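**Student:**
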Amino acid sequence: MIFFWAFVIGGLICVIGQIMFDVFKLSPGHTLSILVVAGAILDGFGLYEPLIDFAGAGATVPITSFGNSLVHGAMAEAEKHGIIGVITGMFEVTSSGISAAIIFGMIGALLFKPKG
Amino acid sequence: MADKKKKNLPPKAQNYQAFQDEREVKRPILKNCLKAFFVGGFICFIGQLISTLYIYYFDFTEQTAGNPTTATLIFITMLLTGFGVYDRIGQFAGAGSAVPVTGFGNAVISAAIEHRTEGFVLGVGGNMFKLAGSVILFGVFSAFIVALIKTIIISWGGF
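Going down the list, the sequences are from chains U and D.
Mind the numbering: the first sequence is residues 1005 to 1120 in our numbering, read in order.
Mind the numbering: the second sequence is residues 439 to 597 in our numbering, read in order.
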């Protein structure tokens, strides 16, 4: 069942992005930035966690979860070390996405030649 | 904002603006949304498949399986971007391929591949986050504000 909800919720988040592209005529950069900020704010109100429990990868794969996990890392560290933990813990949870992007970006640049 | 800009233009330019608005190709919003829904949903479905594999065959819980899933998806994106397949998916799906984390990976990896002709330090290193940098900046900054507010509220004894 979680496969079905992952498909539906993930698809719906992409539709929100597509509406921002087409109806509000935003650039992809603006759209993704707004979605990330939305994810962070949703997690601030504690609404993103239930969505992950409900939809699994449907909520963790879209870019909104990036904002969510940034807040999560910051909050987890802030509970231990107070205000300074907000800064030290920020990338604790999201490190995999960014390090994977950097590492595979470098490998990609080594392996592939630009086309066109 | 658009109206304010128009007022300052000479009448000829205003006429042209009206003419252009009339002739602009209407975007097929419903069709684009359907494409985005199915491709985006399919990417999340694959993500769910990968995280299920991680939960069953490695020691990950449902909460932590998101991290290796993200890394695996970005690895797949690297291959698709390198072979030029992701561009075509992007053309077809619009936001369906941009919003999932694969779109973030594609933005980084395509920028890295594109600029390798300028050398590895100034080309790849300097341009890698050209497109994806705004996502990281606004993500980090908004998360900072949200976490700061939450921490202050908690330390005041709320919630």
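Idealized CB from N, CA, C, for every residue including glycine.
In this text, all values refer to a predicted model and were calculated from it rather than measured experimentally.
(1) Does the Cβ-Cβ distance between Val1090 (chain U) and Ala1080 (chain U) come in under 8 Å?
(2) Hey, Gly543 (chain D) and Met566 (chain D) are a contact pair by Cβ (cut 8 Å); roughly how many whole angstroms apart?
(3) Beta-carbon within less than 6 Å of Met439 (chain D)'s beta-carbon, same chain only, minus the 5 sequence neighbours each way: which residues are those?
(4) Sort out for me which residues DSSP pairs Pro538 (chain D) with in a bridge.
(5) Spell out whether any CB of chain U is found under 8 Å from the CB atom of Ile527 (chain D).
(6) Might you give, ordered along the chain, the residues of its own chain that have their beta carbon closer than 6 Å to the beta carbon of Gly561 (chain D), omitting 5 neighbours on each side?
(7) Distance, Cα to Cα, Ile514 (chain D) vs Glu1053 (chain U)?
(8) Taking the straight line between their C-alpha atoms, what separation do you get for Phe483 (chain D) and Thr508 (chain D)?
(9) Is Ile1088 (chain U) near the ligand MN - that is, is its Cβ less than 7 Å away from at least one heavy atom of it?
(10) Helix, strand or coil for Met439 (chain D) per DSSP?
(11) Interface residues of chain D around Pro1066 (chain U) at Cβ under 8 Å?
(12) For the stretch 544 to 569 of chain D, which residues have a CB atom closer than 7 Å to at least one CB atom of chain U, in sequence order?
(13) Write down the C-beta distance between Ile1087 (chain U) and Thr589 (chain D) rounded to the nearest angstrom, noting that I regard them as a contact closer than 8 Å.
(14) Nearest to Pro1066 (chain U) by alpha carbon, out of D:Gln452, D:Ile488, D:Gly478, D:Asp497?
(15) State the Cα-Cα distance for the pair Ile1020 (chain U) and Tyr524 (chain D), rounded to the nearest angstrom.
(16) Using three-state DSSP, classify Asn446 (chain D) as helix, strand or coil.
(17) If you measure from the beta carbon of Gly522 (chain D) to each beta carbon in chain U, is any gap under 8 Å?
(18) Closer than 8 Å by beta-carbon distance: list the chain D residues that pair up with Thr1035 (chain U), in chain order.
(19) How many angstroms separate the CA atom of Ala1113 (chain U) from the CA atom of Ile587 (chain D)?
(20) Taking only the alpha-carbon atoms, compute the straight-line gap between Gly955 (chain U) and Glu462 (chain D) and give it to the nearest angstrom.
(21) Quick check: the Cα distance between Asp1026 (chain U) and Ser593 (chain D), rounded to an integer number of angstroms?
(22) If Lys469 (chain D) and Gly532 (chain D) are in contact, beta carbons under 8 Å, what's the gap, nearest whole angstrom?
(23) Return the CA-CA distance between Pro506 (chain D) and Pro449 (chain D), expressed in angstroms with no decimal places.
(24) From what residue to what residue does the alpha helix (DSSP H) around Met1110 (chain U) run?
(25) How long is the line joining the alpha carbons of Val960 (chain U) and Gln455 (chain D), rounded to whole angstroms?
(26) Around the C-beta of Asn1072 (chain U), are 16 or more other C-beta atoms found within 10 angstroms, so that it is buried, or is it exposed?
(27) I want to see whether chain D comes within less than 8 Å of Phe1025 (chain U), judged by CB atoms only; does it?
(28) Alpha carbons only, please: which of D:Val578, D:Gly595, D:Ile583 is nearest the one belonging to Ser1099 (chain U)?
**Tutor:** Inspection of the coordinates gives the following:
(1) no
(2) 12 Å between Cβ atoms; not a contact.
(3) Unreliable positioning characterises Met439 (chain D) in this predicted model, as indicated by a pLDDT of 43, which lies under 50. A coordinate reading is not provided.
(4) U:Pro1066
(5) no
(6) His553, Arg554
(7) 26 Å
(8) 13 Å
(9) Absence of the ligand MN from the depicted structure is noted, as is the absence of any ligand whatsoever, leaving it without description.
(10) With a pLDDT of 43 at Met439 (chain D), under the threshold of 50, the modelled position of this residue cannot be trusted; read the value that follows with caution. In this structure, Met439 (chain D) counts as coil in the three-state DSSP scheme.
(11) Neighbours of Pro1066 (chain U) on chain D, chain order: Gly478, Cys482, Val537, Pro538, Val539.
(12) Val546, Ile547, Ala550, Ile551, Glu552, Arg554, Thr555, Val562, Met566, Leu569
(13) 6 Å
(14) D:Gly478
(15) 21 Å
(16) coil
(17) Yes, because at least one Cβ of chain U sits closer than 8 Å to the Cβ of Gly522 (chain D).
(18) Under the 8 Å cutoff, chain D gives Ala533, Ala536, Val537.
(19) 40 Å
(20) What the structure shows of chain U is the stretch from 1005 to 1120, and residue 955 (chain U) is not part of that stretch, so it cannot be assessed.
(21) 43 Å
(22) Their Cβ separation, rounded to whole angstroms, is 10 Å, which puts Lys469 (chain D) and Gly532 (chain D) out of contact at 8 Å.
(23) 58 Å
(24) 1099 to 1115
(25) The shown model of chain U, from 1005 to 1120, leaves out residue 960 (chain U), and the question about it has no answer.
(26) By the neighbour-count criterion, in which 16 or more other beta carbons inside 10 Å mark a residue as buried, Asn1072 (chain U) falls on the buried side.
(27) Yes, its Cβ sits closer than 8 Å to a Cβ of chain D.
(28) Of the candidates D:Val578, D:Gly595, D:Ile583, the one whose C-alpha sits nearest the C-alpha of Ser1099 (chain U) is D:Val578.
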